[in-house]
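Numbering (this note's numbering), first residue to last: 6 to 251. To start, the structure under review is shown below, and the notes come after it.
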Ligand SMILES: NC(=O)c1ccc[n+]([C@@H]2O[C@H](COP(=O)([O-])OP(=O)(O)OC[C@H]3O[C@@H](n4cnc5c(N)ncnc54)[C@H](OP(=O)(O)O)[C@@H]3O)[C@@H](O)[C@H]2O)c1
């Protein structure tokens, strides 16, 4: 599916970081790209940077709201005819000591990281089941596979671990419909999520001694959406951070 010129990918959180790089990578491979983010302004800036208006559609809205997810799929179908791939990428990662998380932060993380995943996957799966072929890829986090004492982050770990588990459960449930469900679990990635002055500390969180380039994450996602007999996999892309203690 990776090189199809008529396939359509929906990417949540595609105005910056990994999502924006994914939009670029799929456009380069001939896909139509439907990008989600909160505002039209940020999506317009992404569209300008990507420079392929014929095959790019931005759909603004909060992914924690069910109607946003439905709009992403509906607008994709209206414009390009169908959806073949959903990438659940939108997510925040708020690392802090567990007892300091506020109710507001919990609500925000549940809305964006968890409800966003559920709503977008439901809307896409309903559509893709009817087509009997497609992929869902969830962007989770390597720290959910192996927590790190230097980075207290129990709430995002709770949610990302749940999505890793749901990836396997959904892979089983949707296999009879020929829908592959996989996850990529990045370590620390060079995106706007991390201020440059933190990169030195963050590099020490992987045995490889550096943080990931976005390209290394997009390569893994591209592989999974081209692999038609691979499903239920949580693929770490973390320079070895989740393989054990070092
Ligand atoms: N960077 C890392 O080190 C790292 C490590 C492990 C996992 N991850 C995961 O990778 C994914 C992407 O991270 P990133 O570093 O690329 O993040 P990023 O650069 O901060 O981008 C986040 C994207 O999500 C969008 N977004 C934020 N709130 C939203 C909402 N409520 N509704 C819809 N869209 C929303 C943002 O767009 P607007 O602001 O324009 O709305 C932006 O496009 C996340 O799931 C993250 O947990 C990242």
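Glycine included, C-beta positions come from ideal geometry on N, C-alpha and C. Predicted, not measured: the structure shown is a model, and the values here were computed from it.
- Task: Please confirm whether residue 162 and residue 23 have their CB atoms less than 9 Å apart.
- Result: no
- Task: Out of 40, 149, 196, point me to the one whose CA is closest to residue 248's CA.
- Result: 149
- Item | Close-in-space but distant-in-sequence residues of the same chain around residue 47 (CB under 6 Å, 5 per side omitted) | 20
- Query: What does a CB cutoff of less than 8 Å around residue 204 pick up in its chain, not counting 5 residues either side in sequence?
  - Reply: 195, 216
- Whole-angstrom C-beta distance between residue 66 and residue 312, which should lie under 8 Å: Examination of residue 312 is not possible in this model, given that the chain is present from 6 through 251 alone.
- If we call anything under 9 Å between Cβ atoms a contact, is residue 189 one with residue 225? yes
- When you compare each of 121, 153, 134 to residue 178 by their alpha carbons, which one comes out closest? 134
- Tell whether a beta-carbon distance below 9 Å holds between residue 87 and residue 136. yes
- At what residue ranges does the stretch 72-121 contain a whole run of the beta strand (DSSP E), taking only runs of 3 or more? 90-93
- Query: At a cut-off of 8 Å, is residue 254 close to ligand 1 when judged by its beta-carbon and the heavy atoms of the ligand?
  - Reply: Lying before the first or after the last residue shown, residue 254 is absent from the chain, which here runs from 6 to 251.
- How about residue 243 and residue 192: are their beta carbons less than 9 Å apart? yes
- Query: Around the C-beta of residue 172, are 16 or more other C-beta atoms found within 10 angstroms, so that it is buried, or is it exposed?
  - Reply: buried
- Task: Pick out whichever of 201, 143, 42, 70 has its Cα sitting closest to the Cα of residue 227.
- Result: 143
- Query: Where does residue 68 land, buried or exposed, given buried means 16+ other C-beta within 10 angstroms?
  - Reply: buried
- Query: For residue 165, is the classification buried or exposed, using 16 other Cβ atoms within 10 angstroms of its Cβ as the cut-off for buried?
  - Reply: buried
- Task: Go to residue 205, then tell me how far its alpha helix (DSSP H) extends in each direction, as first and last residue.
- Result: 204-208
- Message: Less than 8 Å separating the Cβ of residue 43 from some heavy atom of ligand 1?
- Response: yes
- Out of curiosity, what's the CA-to-CA distance linking residue 239 and residue 121? 19 Å
- Which class does residue 181 belong to by DSSP, given the choice of helix, strand or coil? helix
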